[in-house]
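Enquirer: In terms of the numbering used here, the sequence shown is residues 34 to 285. For each residue, glycine too, the CB sits at the ideal point set by N, CA and C. None of these values were measured; they are calculated from a predicted model.
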Amino acid sequence: MRTPVFAANWKMNKTAHEAREFLSKFKTGLSGNSEVVVCPPFTALGVVLDECQSTPIAIGAQNGFHEASGAFTGEVSMAMLHKEGVTHVIVGHSERRDIFGETDGLIQLKISAALQLGLTVIFCVGEHLDVRESGGAMALVESQVRAGLNEIVAAEFGHGASLILAFEPVWAIGTGKVATPEQAQDVHAGIRDVLSALYGADVAERIRILYGGSVKPDNVAGLMEKPDIDGALVGGASLKVEDFLAICQPVY
Ligand code: PEP
Numbered sequence: 034m035r036t037p038v039f040a041a042n043w044k045m046n047k048t049a050h051e052a053r054e055f056l057s058k059f060k061t062g063l064s065g066n067s068e069v070v071v072c073p074p075f076t077a078l079g080v081v082l083d084e085c086q087s088t089p090i091a092i093g094a095q096n097g098f099h100e101a102s103g104a105f106t107g108e109v110s111m112a113m114l115h116k117e118g119v120t121h122v123i124v125g126h127s128e129r130r131d132i133f134g135e136t137d138g139l140i141q142l143k144i145s146a147a148l149q150l151g152l153t154v155i156f157c158v159g160e161h162l163d164v165r166e167s168g169g170a171m172a173l174v175e176s177q178v179r180a181g182l183n184e185i186v187a188a189e190f191g192h193g194a195s196l197i198l199a200f201e202p203v204w205a206i207g208t209g210k211v212a213t214p215e216q217a218q219d220v221h222a223g224i225r226d227v228l229s230a231l232y233g234a235d236v237a238e239r240i241r242i243l244y245g246g247s248v249k250p251d252n253v254a255g256l257m258e259k260p261d262i263d264g265a266l267v268g269g270a271s272l273k274v275e276d277f278l279a280i281c282q283p284v285y
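#1: Across the stretch 180-189 and the stretch 102-118, are there enough close Cβ pairs to call them in contact, namely three or more that are closer than 8 Å?
#2: Hey, would you say VAL122 sits closer than 9 Å to VAL154, going by beta carbons?
#3: When we look at the beta-carbon of LYS116 and count the other beta-carbons within 10 Å, is it buried (16 or more) or exposed?
#4: Tell me whether SER110 sits in a helix, a strand or coil according to DSSP, three-state version.
#5: What residue range does the beta strand (DSSP E) around HIS121 cover?
#6: In the DSSP assignment, find the unbroken alpha helix (DSSP H) run with ALA237 in it and report its ends.
#7: Under the three-state reduction of DSSP, which class applies to LEU266: helix, strand or coil?
#8: On the three-pair Cβ rule with 8 Å, is the stretch 265-282 touching the stretch 223-237?
#9: By the three-class DSSP mapping on this structure, what secondary structure does CYS281 have?
#10: Spatial neighbours of GLY246 within its chain, please: C-beta separation below 7 Å, excluding the five flanking residues on both sides.
#11: State the start and end residues of the unbroken alpha helix (DSSP H) segment that holds LEU78.
#12: Which of the three DSSP states, helix, strand or coil, is assigned to GLU68?
#13: Would you call ASP263 buried or exposed, if buried means 16 or more other Cβ atoms sit within 10 Å of its Cβ?
#14: May I have the straight-line CA-CA distance separating PHE143 from GLY93, to the nearest angstrom?
#15: Would you list the residues sitting across from ILE155 in a DSSP beta bridge?
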């Protein structure tokens, strides 16, 4: 039995002040059986870590660099995040791939560095619309999964504990066009097969696979009914306290 995970990806939204306001309301409303992760922008991490002390809310970063320190202007390292108390990090988000040119190779380096430090990685994969329309979605997702996890052994992610996959079809991110539960389930089951081929069925059964792409309070339940959907990575709807509570606090 996999514990559901709901992760808020705030992207480039919310000042430190706005983050504190959100969390003071959110943490008092939170209940349910799921794990909850909040990923604010770097500038709000300190406030969010402070506000979530002694709560079950875990804190994640939206990105991190694999080198520990040095001449990398504008970057924040996985090691620095870990030292501040961050426990999760999103790697391979399509906005990082498409806007900032992150390659599968760089994503592998980031995943490896984060896991070495004991961070839990939320590793995003997903296809663009043209790939889906040409029937190539699963092949593309498989290649992203294999490349990102290249040379990474199961012991590095606690045999499932500290690796979370997120299937995020790019055509569904921020568009209001959610994948149907059946479309998502097909790819999630395919990802679990790839994980099983790489690490064996036991490990694959333990890895949580989240769906991301226009998840809202009114479509999350249908997705959560599917056997291989273990939670959600939520962008837009995680910015409103009521919406994110409605998504993550029912007992799934
Ligand atoms: C995301 O960016 O990870 C995401 C899923 O965004 P949205 O929920 O807004 O589609």
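Expert: Answer, in terms of the structure:
#1: no
#2: yes
#3: exposed
#4: strand
#5: 121-124
#6: 234-239
#7: strand
#8: no
#9: helix
#10: GLU201, PRO202, ALA205, ILE206, VAL211, ALA212
#11: 78-84
#12: strand
#13: buried
#14: As written in the sequence, residue 143 is Lys, which differs from the Phe given in the question. Using only the alpha carbons, I get a separation of about 14 Å.
#15: ILE123, ILE197
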